């Protein structure tokens, strides 16, 4: 059991970033906190209404050394990858794509949504792979909403999206110890979780939480000190994401869409994407090009 409770390490405000049209709220990586457990990237796409002709259009792009986790709250998204998978994500579903030594994919509107007004609300994460799995074969798995464990713990309604927590295990095949929960609390109700030695952070999608008298508003990413447990009370009806895991003993490098323990592997992946020898999404030639290298200031 953790010896401390609610010790806040830092609060991270989102940065607004444009991805394929709409803006998302980016929480990590952050200059003072690159990772929480194995989570190395977290984008929140707030609930947004789009007119016909607008919306998500992320062209094919590559990944190495990570798994992507997409969790949809509202709307529809079409995933298409270099292994040939085409999968429509619907509310409550989870897509888990493991890049390993290399995969590319696009994320767009399904054909039956193109040209129509629609709404989108999405969470996306990158989960870095441990050393033993960085060069594994790429893979993709879709988990429908019905397969995700949903249960009540004291006052909280919990969906265990990935990993293990509260005596349950998600069907998502993770490669290192982690947890990712979607927790709903009615006003005045409390949620507690002890991650042991794992790191823990939480992000409020709607509502607000009281943590030892401090009110945390929506869009605030709160990271606890490692070894601290969590106990929060909802000051209004609240939906909060609770995530974390065991940190890696060695650092990870991140460049564009690549994550690796090796700078050399990132350089090789850059070269392959530039030269079109990296795995490509079948039938999609309008790819996102490699970003230009910064000017040499030597």
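In UniProt numbering, the protein residues as written are 1 to 298. Glycine included, C-beta positions come from ideal geometry on N, C-alpha and C. Here the structure is a predicted model, which is why all the values come from computation and not from measurement.
Asked: Residue interval of the alpha helix (DSSP H) (run including residue 272); Found: 263–274
Asked: Per-residue DSSP class, three states only, for residue 199; Found: strand
Asked: Contact under 8 Å by Cβ, residue 201 with residue 244; Found: yes
Asked: Beta-carbon gap between residue 27 and residue 224 smaller than 8 Å; Found: no
Asked: Beta-bridge partners of residue 123, as assigned by DSSP; Found: 44, 71
Asked: For residue 206 and residue 222, the rounded distance between their alpha carbons; Found: 14 Å
Asked: Buried versus exposed call for residue 18 [16 or more other C-beta atoms within 10 Å across all chains shown]; Found: exposed
Asked: Cβ-Cβ separation, residue 60 to residue 106 (assumed contact under 8 Å), whole Å; Found: 5 Å
Asked: Rounded C-alpha distance that separates residue 270 from residue 177; Found: 29 Å
Asked: Among 278, 291, 155, the one whose alpha carbon lies nearest that of residue 82; Found: 278
Asked: Same chain, Cβ closer than 6 Å to residue 157, five either side skipped, listed in chain order; Found: 184
Asked: Residue from 80, 248, 148 whose Cα sits closest to the Cα of residue 133; Found: 248
Asked: Rounded separation between residue 168 and residue 13 - CA only; Found: 31 Å
Asked: Local conformation of residue 298 per DSSP, three classes; Found: With a pLDDT of 46 at residue 298, under the threshold of 50, the modelled position of that residue is not reliable, and the figure given next carries that caveat. Of the three classes helix, strand and coil, the one that applies to residue 298 here is coil, per DSSP.
Asked: Residue nearest to residue 257 in terms of C-alpha spacing, selected from 36, 101, 52; Found: 101
Asked: With 16 other Cβ atoms within 10 Å as the buried cut-off, status of residue 215; Found: exposed
Asked: Beta strand (DSSP E) runs contained entirely in the stretch 159–186, provided each spans 3 or more residues; Found: 178–185
Asked: Distance between residue 227 and residue 5 (C-alpha atoms, nearest Å); Found: 8 Å
Asked: Those residues which DSSP pairs with residue 97 across a bridge; Found: 68, 140
Asked: When 23, 179, 54 are compared against residue 116, the one with the closest alpha-carbon; Found: 54
Asked: Assigned secondary structure, residue 147 (DSSP; H/G/I helix, E/B strand, else coil); Found: helix
Asked: Close beta carbons around residue 87, own chain, < 6 Å, minus the five adjacent residues each side; Found: 79, 142
Asked: N-terminal and C-terminal residue of the beta strand (DSSP E) that residue 245 is part of; Found: 238–245
Asked: Where the beta strand (DSSP E) containing residue 254 begins and where it ends; Found: 253–255
Asked: Neighbourhood of residue 128 by C-beta, 6 Å cutoff - its chain only, sequence neighbours within 5 removed; Found: 38, 40, 66, 252, 259
Asked: Where the beta strand (DSSP E) containing residue 52 begins and where it ends; Found: That residue, residue 52, is in no beta strand (DSSP E); it is neither H nor E in DSSP.
Asked: Residue 146 classed as buried or exposed, judged by whether at least 16 other C-beta atoms fall within 10 angstroms; Found: exposed
Asked: Buried/exposed call for residue 111, threshold 16 Cβ in 10 Å; Found: exposed
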